[in-house]
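The next block holds one structure in the form of C-alpha cells; read it before the comments.
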Amino acid sequence: MFDKLEAVEARYDELTKLISDPEIIANHAEWQKLIKEHSSIEEVVQKYREYKKEKQRMEDAKEMMDDKDLKELAEIDYHEAKEKIPHIEEELKALLIPKDPNDDKNIICEIRAGAGGEEAALFAGTLFRMYSMYAERKHWKIEILNENETELGGYKEISFMITGKGAYSRLKFESGVHRVQRVPDTESSGRIHTSTATVAVLPVVEDVEIEINPADIKMEVFRASGAGGQHINKTSSAVRLIHEPTGIVVECQTERSQLQNREYAMKMLRSRLYNIEKEKQDSEIANARKSQVGSGDRSEKIRTYNYPQGRITDHRIGMSIFQMENFLNGDLDEMIDNLIAADRAEKLKGEEE
Numbered sequence: 036m037f038d039k040l041e042a043v044e045a046r047y048d049e050l051t052k053l054i055s056d057p058e059i060i061a062n063h064a065e066w067q068k069l070i071k072e073h074s075s076i077e078e079v080v081q082k083y084r085e086y087k088k089e090k091q092r093m094e095d096a097k098e099m100m101d102d103k104d105l106k107e108l109a110e111i112d113y114h115e116a117k118e119k120i121p122h123i124e125e126e127l128k129a130l131l132i133p134k135d136p137n138d139d140k141n142i143i144c145e146i147r148a149g150a151g152g153e154e155a156a157l158f159a160g161t162l163f164r165m166y167s168m169y170a171e172r173k174h175w176k177i178e179i180l181n182e183n184e185t186e187l188g189g190y191k192e193i194s195f196m197i198t199g200k201g202a203y204s205r206l207k208f209e210s211g212v213h214r215v216q217r218v219p220d221t222e223s224s225g226r227i228h229t230s231t232a233t234v235a236v237l238p239v240v241e242d243v244e245i246e247i248n249p250a251d252i253k254m255e256v257f258r259a260s261g262a263g264g265q266h267i268n269k270t271s272s273a274v275r276l277i278h279e280p281t282g283i284v285v286e287c288q289t290e291r292s293q294l295q296n297r298e299y300a301m302k303m304l305r306s307r308l309y310n311i312e313k314e315k316q317d318s319e320i321a322n323a324r325k326s327q328v329g330s331g332d333r334s335e336k337i338r339t340y341n342y343p344q345g346r347i348t349d350h351r352i353g354m355s356i357f358q359m360e361n362f363l364n365g366d367l368d369e370m371i372d373n374l375i376a377a378d379r380a381e382k383l384k385g386e387e388e
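Sequence positions in the sequence shown follow my numbering and run 36 to 388.
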C-alpha cells in the first residue's frame, strides 16, 4: 500500500508543476485533463501526508522520552499519534479503492410497474414521487423524458433525468425490483397485496463514451399522448428510436419540439447501450469476486416497503427503517449511506484478498 501511496504523491507533485506551466495552461483541453487528475488524487495525498506527519510525531516523541523534563509531554504526544495512525491507515485503504468513473454523472432513471396491475402502477408513481422529493432535497434538477400514466394516477412506466453533482453516486444502488406490501385503495375487503416496480438507474453518457452508428437507428415520429393541453395530438413531435442491432426501443414525448425529443431519446439510448456494456464488465468482476451490494441487476429484489408495519427493508444489507412516511418523502440518506458503506467494505475486502 505504501509503495502505491508514494507513487500517487510523486504524481501529485508532478501534476502540481504541470498545471502551473504556461505552455500547458495555453492548451486548455490538456490543462483541464491534468486539473481533473490533480483534483482526483488530492484527498489521498493530503491524508497520506497527515499519516507521515503522525508517524514522525511518534518517532520524535519516542526520542524525547529520554529527557526527564520532556518525558511527560512526550508520552502524551506519542500515545496520541499512536492512537491516530491506525484510523488514518483505514481511511487511506478506503481512499485507494478505485473510484467509480460514473459517480459524478447525471442519471436517467426508468421506473416500470411490475406484478400487481393498477396497484403496481400506483407504486411506480409513489417511487417517482420519492425520488423527485430526494432530488429536491439535494437541489438537483429533474426532467421527465417519457411517461405512460394510468387513469388512477399511477405509471405503467416513467423515465426521467436527474441533473446534479453526485447523482449517480447516490442513486446507483436503487436499480432492481422494489416490492410493496399494502392494502390498495382499490381493494374493498382490506386484504394486503404484494406488488412490484422495477427501477433502473443509468449514468448519462456523452457521445465519445459510446459510439452509435446512425445507420443502426430507425426513427419513428408520432403524436404525443397524455397531459399537455391543446398542443397534444396536433403535431407529430414525439420520437421513438429503435436500435436495430440490440432491439432497444426508447421514446420521448414530453417536449414540444421533435428535435428536443430526439436529443433526449438519444441520451436514453446511449445510456442503455452503455449500461449493457457496464453490466457485462460487472458480471465478469462479480464472477471473480461476489459483491454483496451490487448495482444494476434489474431482476434482483432489493427492497420491500411494508406499509402495515411501517417498515422499509433493504435485503442486500439486511437494514430496516421504520420511518415509512419520511422515507417516501425523500429522506433516503440513511439508507443510501449504509449501502455506500457496505459497498466500500466489500471492495476493501476484495482488495485485501
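Beta carbons are placed, not taken as given, at the ideal position from N, Cα and C, and that holds for glycine. No experiment lies behind these values; they were computed from the predicted model shown.
**Item:** Rounded separation between M354 and M370 - CA only
**Value:** When rounded, the distance between both Cα atoms is 8 Å.
**Item:** Terminal residues of the alpha helix (DSSP H) in which G160 lies
**Value:** Where G160 is concerned, the enclosing alpha helix (DSSP H) stretches over G152 to R172.
**Asked** When you compare only the Cα positions, how much space is there between S306 and I337?
**Response** As the crow flies, the alpha-carbon of S306 is around 22 Å from that of I337.
**Prompt:** Counting Cβ pairs closer than 8 Å, one from the stretch 133 to 147 and one from the stretch 184 to 200, do we hit at least three?
**Reply:** The stretch 133 to 147 makes contact with the stretch 184 to 200, as at least three CB pairs between them are under 8 Å.
**Request:** Tell me whether E335 sits in a helix, a strand or coil according to DSSP, three-state version.
**Result:** Residue state, collapsed to three classes: coil.
**Prompt:** Using a Cβ-Cβ cut-off of 6 Å (strictly less than) and excluding sequence neighbours within five positions of Y47, which residues of its own chain qualify?
**Reply:** Close CB contacts of Y47 within its chain, under the 6 Å cut and outside five residues either way in sequence, are with I76 and V80 (chain order).
**Request:** Might you give, ordered along the chain, the residues of its own chain that have their beta carbon closer than 8 Å to the beta carbon of K117, omitting 5 neighbours on each side?
**Result:** If we look at K117 and ignore the five residues flanking it on each side, its Cβ neighbours are M93.
**Request:** Determine the closest residue to F257 out of V218, E184 and L294, with distance taken between C-alpha atoms.
**Result:** The shortest C-alpha separation from F257 is found at L294.
**Request:** Using the Cα positions of H73 and L40, report the straight-line distance between them to the nearest angstrom.
**Result:** So the two alpha carbons sit approximately 14 Å from each other.
**Prompt:** What does F195 pair with, by DSSP beta-bridge criteria?
**Reply:** Beta-bridge pairing by DSSP links F195 to C144 and I179.
**Item:** First through last residue of the alpha helix (DSSP H) which encompasses V80
**Value:** Note, V80: alpha helix (DSSP H), H63 to M99.
**Asked** Among L383, L363 and N373, which one has its Cα closest to the Cα of S167?
**Response** Among L383, L363 and N373, the Cα nearest to that of S167 belongs to L363.
**Asked** Is S272 buried or exposed, if buried means 16 or more other CB atoms sit within 10 Å of its CB?
**Response** Classification for S272: buried.
**Message:** Could you tell me the alpha carbon to alpha carbon distance between K191 and N181, rounded to whole angstroms?
**Reply:** The C-alpha of N181 is placed about 11 Å away from the C-alpha of K191.
**Item:** Pair within 8 Å by beta-carbon distance, T233 and G149
**Value:** Judged by beta-carbon spacing, G149 lies within the 8 Å limit of T233, meaning their Cβ atoms are closer than that value.
**Asked** What distance in whole Å lies between the Cβ atoms of D135 and S210, which are believed to be in contact at a cut-off of 8 Å?
**Response** Not quite, the Cβ-Cβ distance comes to about 13 Å (not below 8 Å), so this is no contact.
**Prompt:** What is the DSSP secondary structure of F257, reduced to helix, strand or coil?
**Reply:** Of the three classes helix, strand and coil, the one that applies to F257 here is strand, per DSSP.
**Prompt:** So, S230 versus E154, is the Cβ gap smaller than 8 Å?
**Reply:** E154 sits close to S230, with the two beta carbons spaced by under 8 Å.
**Request:** Please classify F163: is it buried, with 16 or more other beta-carbons within 10 angstroms of its beta-carbon, or exposed?
**Result:** Result: buried.
**Asked** How many Å lie between E107 and K90 at the Cα?
**Response** Each residue's Cα considered, the two are about 19 Å apart.
**Message:** Quick check on Q344: buried or exposed, where buried means 16 or more other Cβ atoms within 10 Å of its Cβ?
**Reply:** The residue is exposed, with fewer than 16 neighbouring Cβ atoms inside 10 Å.
**Prompt:** Ends of the beta strand (DSSP E) at E209?
**Reply:** Neither: E209 is in no beta strand (DSSP E) and is coded neither H nor E.
**Message:** Rounded to the nearest angstrom, what separates H350 and L308 at their Cα positions?
**Reply:** Inter-residue distance for H350 and L308 is about 28 Å (C-alpha atoms, whole angstroms).
**Request:** Leaving out five residues on either side along the sequence, give the residues of the same chain with a beta carbon under 8 Å from the beta carbon of Y83.
**Result:** Once the five neighbours on either side are set aside, the close Cβ partners of Y83 are L40, V43, E44 and L127.
**Prompt:** Can you tell which of E279, I132 and E98 has its C-alpha closest to the C-alpha of K9?
**Reply:** Outside the displayed span of the chain (36 to 388) sits residue 9, for which this structure offers no information.
**Prompt:** When the Cα of P121 is compared with those of D139, A300, E85 and I111, which residue comes out closest?
**Reply:** Of D139, A300, E85 and I111, the smallest CA-CA separation from P121 is found for E85.
**Asked** Quick one, which of N341, T339, E286 and T281 has its alpha-carbon nearest E312's?
**Response** Nearest of N341, T339, E286 and T281 to E312, Cα basis: T281.
**Request:** Take R297 as the anchor and find which of I277, I352, R217 and D104 has the nearest alpha-carbon.
**Result:** Per the Cα distances, I277.
**Prompt:** Helix or strand or just coil, what does DSSP make of T51?
**Reply:** Residue state, collapsed to three classes: helix.
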